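Data first, discussion second: the structure below is written as structure tokens.
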Amino acid sequence: MGDRALGMNRGKAPAPVVSVLGRNWAFFFLLLTLVVFSLTGKNFFALNNFQNIVHLATTSLLLACAETFVIITGGIDLSVGFVLGLSAVSASSTMQVLYAAHWSAAASILAGIGVGLASSLACGLAAGVLVSRYRVPPFIATLGTQGIAIGVTYHICGGFPVWYLPPGLTDIGNAYLLYIHPASGAWSFFSRPAGVAANQVKELVRVFPVSFFLIIVFLLLLWHLLKNTRFGQHTYAIGGSLDASVRAGINTRRHLISIYVLSALLAGIAGIVDLFQTGTGNFTTFGAQLELFAIAAVIIGGASLMGGKGRVLASVVGVLLLKVLENGLNLSGVEPFYRYIAVGLILIVAVVIDQLFPDLF
Amino acid sequence: MTRRAGLTSFIGQRWSVAFLLIELVFFSSLAGGFFSLNGAQIVLFYSTTLALLATAETMVIVTGGIDLSVGFVMGFASVVSAKLAGALTDRGLPPDMALLFAILVTLAIGLTPGLVNGLLVARLKVPPFLATFSVQGITYGISLLLTKGSAAVNVPNLANVIGNGYFIYVVPGQGGSFFSAPRVARGTTVIDLIPTMVVVTVVFVAVAAFLLKRTKFGRHTYAIGGNIDAAVRAGINASRHLVVIYVLSSFLATLSGIIYMMEYVTGKSDAGSSFMLDSIVAVVIGGASLFGGVGTVWRSILGVLILSVLEMGLKIMGVQTFDKYIAVGVILIFAVLIDQFFPELIHKED
């Protein structure tokens with residue numbers, strides 16, 4: 015862009031402390047918010063609250079991971095938010111119909127998951143083929159598949175959440191690994207201990223939500239995929255220079271298709287997770303901007319929209335930062351409206367730091 | 310060139326016009342009441358806000374940027390102008406003064422998001438996507454704070470009179486009048502022609518189109534979008550130019566919000582939430598490239614009309630509007646594919 019004089023720090027190695035701070039500023043900022051909200055927020059510093067934050071962040075984390083892969087290749091996926099809704103709605107509708115047709119709960123749930131994932135796969139395939147074969151800019155290709163996903167979603171659900179689903183969805187989605195009842199000393203795995211009555215549920219200490227387990231597995235897999243495998247290397251290479259990757263013998267077309275399929279599948283999984291957590295097939299509302307928040311989290315994590323940069327764990331920090339801000343401001347009694355302003359301001363600080371100290375990242 | 314190539318070229322360049330015509334024929338034959346004076350005026354009336362946003366987006370996209378904040382700046386402007394007009398009327402100001410004052414102040418305030426965008430993009434080199442995304446969040450938050458999440462409805466009725474008024478009223482056989490309905494006996498037929506807000510929109514869009522097409526300012530805009538380094542070397546102050554572009558974009562979005570307030574007599578913080586993407590879609594259908602350097606205001610307006618005719622046509626037909634999204638998605642991909650297959654056909658004249 016215009017005058018290059020602003021890249022003043024280029025070539026001069028920064029002091030190690032500055033470098034570590036700058037590179038991980040989002041992480042340190044996250045720690046700072048945790049400390050501040052622990053002091054200001056009512057019940058913020060509590061096992062329950064932290065578990066809640068992660069539990070409610072599950073879908074956002076999956077979307078941010080999806081976006082991380084796409085953004086590293088220099089692309090962008092605007093469809094993830096509505097692919098999430100499509101997956102949730104098509105899965106739940108399938109469950110509803112099959113369960114009403116006297117399938118067993120387990121069979122209809124499994125079939126529903128299959129249909130949900132297949133629908134998201136189709137979206138990803140379409141976007142991937144458009145981007146890699148027909149060289150449609152990712153912004154437009156995924157905007158197009160987003161429109162189609164919205165239309166199909168609303169056709170399926172008619173603009174209402176899908177109810178009357180097989181029982182047990184939320185029992186799985188909102189379960190905890192361990193339940194302890196301190197008063198009686200009873201404890202059990204996965205469900206309320208036998209001796210504890212329904213009205214004593216509030217006394218239970220619940221440890222380690224199932225969604226926590228799920229997200230850790232996914233994060234480890236994706237982190238490994240990006241960091242230690244050839245697939246990951248090629249992803250960075252394509253983002254660094256598409257032409258150089260082609261010359262280096264990478265099948266960039268096929269790789270880009272896999273990237274968009276992976277992104278849509280992760281969004282589809284997020285939709286299934288949402289279905290299990292809420293027990294309802296929720297469509298994505300227009301103002302939700304899930305994809306924009308996922309992109310924001312990835313950028314806060316230090317990725318560049320130009321491609322070639324980004325880390326799964328850094329994107330996780332980005333998501334947690336946004337979620338902790340939301341939760342902390344809420345528990346500190348701040349009106350929810352300030353949340354948007356706070357997130358916007360923090361984002362500006364993030365990108366300005368990124369631009370002023372390019373060699374720190 | 311062979312005749313065949315000439316024909317493909319002709320269609321390639323005008324496919325969006327052809328598409329609009331197909332839409333018009335389709336809805337005229339299938340949607341009862343669509344093909345009428347009223348139907349046409351409804352489509353134009355509905356297009357006003359989106360047309361201004363698409364004009365704003367065109368300017369930014371021609372420079373190779375993108376402005377995600379236009380939708381919420383529009384909502385912000387509708388809220389601020391509605392609140393101000395209401396508050397001033399309550400303080401005892403005559404409605405015309407209150408409205409005028411509210412509009413002027415809103416236009417001034419509405420420059421701020423654009424200034425922030427511009428400074429972030431031009432001076433601090435923040436990618437436009439992120440700069441404008443951050444600013445959209447902040448403007449949305451502020452308008453939610455102003456309204457506490459509900460709509461601002463305390464607008465003087467004068468806004469309604471102007472916003473839903475017509476430019477010309479014709480009384481067959483007795484002449485007519487401009488801007489306000491003539492006083493005639495009950496039961497006399499009065500034909501309303503051209504909604505006032507359409508006139509206002511056309512004026513501003515025309516000025517923007519002129520600015521982009523015929524002035525040095527416009528040439529510099531295309532130069533920056535084509536190759537910013539070359540533009541800088543050619544002596545263009547790209548940094549200042551970009552700030553002006555984002556401020557202009559914000560100004561047009563603010564105007565769009567004010568027009569929304571006049572038309573619907575409310576201020577809503579999320580008034581433009583779905584218009585942001587629609588405006589980008591319209592610009593892309595109009596043949597602009599997100600890489601910059603290509604795009605004209607009138608072609609974007611063509612994109613706006615394609616979207617509005619589709620939306621209104623489907624509404625009049627009573628089809629669920631969800632289909633609109635599928636259609637828009639398909640049109641969008643179609644638009645770019647044509648762009649990919651016949652690049653030399655479409656951009657020849659630009």
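So the sequences go chain by chain: U and S. The first sequence runs 15 to 375 under the numbering used here. The second sequence runs 310 to 659 under the numbering used here. Cβ atoms here follow ideal geometry from the backbone N, Cα and C, with glycine treated the same way. Computed from a predicted model, the values in this text were never measured in an experiment.
>> Measuring straight from C-alpha to C-alpha, what distance separates A125(U) and M109(U)?
In response: 7 angstroms
> Using 9 angstroms as the limit for Cβ to Cβ distance, is Y573(S) near chain U?
Replying inline: no
>> Three Cβ pairs or more, each shorter than 8 angstroms: is that satisfied between the stretch 258 to 277 of chain U and the stretch 137 to 154 of chain U?
In response: yes
>> For F351(U), report the span of its beta strand (DSSP E) as first-last.
In response: Looking at the DSSP string, F351(U) is not in any beta strand (DSSP E); the run it does join, the alpha helix (DSSP H), is 351 to 370.
> Whose Cβ in chain U lies nearer than 7 angstroms to the Cβ of D632(S)?
Replying inline: G165
> Can you give the Cα-Cα distance for I376(S) and W324(S), rounded to whole angstroms?
Replying inline: In the sequence under discussion, the amino acid at residue 376(S) is Asp, which differs from the Ile named in the question. Their Cα atoms are separated by approximately 26 angstroms.
> Name the chain S residues whose beta carbon is nearer than 7 angstroms to that of Y274(U)?
Replying inline: Within 7 angstroms Cβ-Cβ: nothing; Y274(U) doesn't reach chain S, min ~14 angstroms.
>> Taking beta-carbon pairs under 9 angstroms, can you tell me which members of the stretch 429 to 442 of chain S lie near chain U?
In response: L429, V430, A431, R432, L433, K434, V435, P436, F438, L439, A440, F442
> Under the rule that 16 or more other beta-carbon atoms within 10 Å means buried, what is A417(S), buried or exposed?
Replying inline: exposed
> When you check each C-beta in the stretch 131 to 151 of chain U against every C-beta of chain S, which residues fall closer than 9 angstroms?
Replying inline: A140, L144, Y148, R149, V150, P151
> the stretch 601 to 615 of chain S: which residues have C-beta closer than 7 angstroms to a C-beta of chain U, in chain order?
Replying inline: none
> Taking the DSSP output, what are the residues bridged to F487(S)?
Replying inline: I477(S)
> Helix, strand or coil: which one does DSSP assign to I67(U)?
Replying inline: helix
> From which residue to which residue does the alpha helix (DSSP H) around S133(U) run?
Replying inline: 119 to 146
> Does the distance from the C-beta atom of L362(S) to that of M383(S) stay below 9 angstroms?
Replying inline: yes
> Using Cβ-Cβ distances below 9 angstroms, what residues of the stretch 326 to 360 of chain U are close to chain S?
Replying inline: E349, P350, F351, Y352, R353, Y354, I355, A356, V357, G358, L359, I360
> When you compare each of L439(S), V369(S), A532(S), V590(S) to V556(S) by their alpha carbons, which one comes out closest?
Replying inline: V369(S)
>> Below 7 angstroms on C-beta distance, what does D376(S) contact in chain U?
In response: Under the 7 angstroms cutoff, chain U gives no residues; its nearest Cβ is about 13 angstroms from D376(S).
> Does the beta carbon of G423(S) sit closer than 9 angstroms to a beta carbon anywhere in chain U?
Replying inline: no
> Can you give the Cα-Cα distance for I503(S) and S598(S), rounded to whole angstroms?
Replying inline: 32 angstroms
> Between L271(U) and chain S, is there a C-beta pair that is closer than 9 angstroms?
Replying inline: The residue asked about is misnamed: residue 271(U) is Ile in this sequence, not Leu. False, the Cβ-Cβ gap to chain S never drops below 9 angstroms.
>> I want to know whether the stretch 212 to 224 of chain U touches the stretch 60 to 78 of chain U - three or more CB-CB distances under 8 angstroms.
In response: yes
> For Y449(S) and chain U, any beta-carbon pair shorter than 9 angstroms?
Replying inline: yes
> Using a C-beta to C-beta distance shorter than 9 angstroms, which residues of chain S count as neighbours of T87(U)?
Replying inline: Result: empty, since nearest Cβ-Cβ is about 16 angstroms, beyond 9 angstroms.
> Could you give the C-beta distance for R608(S) and G627(S), rounded to a whole number, given that I count them as a contact under 8 angstroms?
Replying inline: That belief does not hold up - the Cβ atoms of R608(S) and G627(S) are roughly 31 angstroms apart, past 8 angstroms.
>> Buried or exposed for T299(U), going by 16 or more other Cβ atoms inside 10 Å?
In response: exposed
> Going along chain S in order, which residues have a C-beta closer than 8 angstroms to the C-beta of G95(U)?
Replying inline: The contacting residues do not exist; G95(U) stays about 12 angstroms from chain S at best.
> What distance in whole Å lies between the Cβ atoms of S104(U) and G130(U), which are believed to be in contact at a cut-off of 8 angstroms?
Replying inline: 5 angstroms
>> Relative to the C-alpha of V333(U), which candidate in L279(U), G347(U), E305(U) has its C-alpha closest?
In response: E305(U)
> Got a sec: is the Cβ-Cβ distance from V369(S) to anything in chain U below 9 angstroms?
Replying inline: no
> Where G246(U) and L239(U) are concerned, what is the direct C-alpha to C-alpha distance, given to the nearest angstrom?
Replying inline: 6 angstroms
> Under three-state DSSP, which class holds I500(S)?
Replying inline: strand
> How would you list, in chain order, the residues of chain U whose beta-carbon sits under 8 angstroms from the beta-carbon of D587(S)?
Replying inline: The premise fails here: D587(S) is roughly 10 angstroms from chain U at the closest Cβ pair, so nothing lies under 8 angstroms.
>> So V464(S) and M570(S) are supposed to be a Cβ contact under 8 angstroms. How far apart are they, rounded?
In response: 7 angstroms
> Quick check: the stretch 432 to 440 of chain S against the stretch 401 to 411 of chain S, are there 3 or more CB pairs under 8 angstroms?
Replying inline: no
> Using the rule of at least 16 other Cβ atoms within 10 Å of the residue's Cβ for burial, across every protein chain shown, is Y634(S) buried or exposed?
Replying inline: buried
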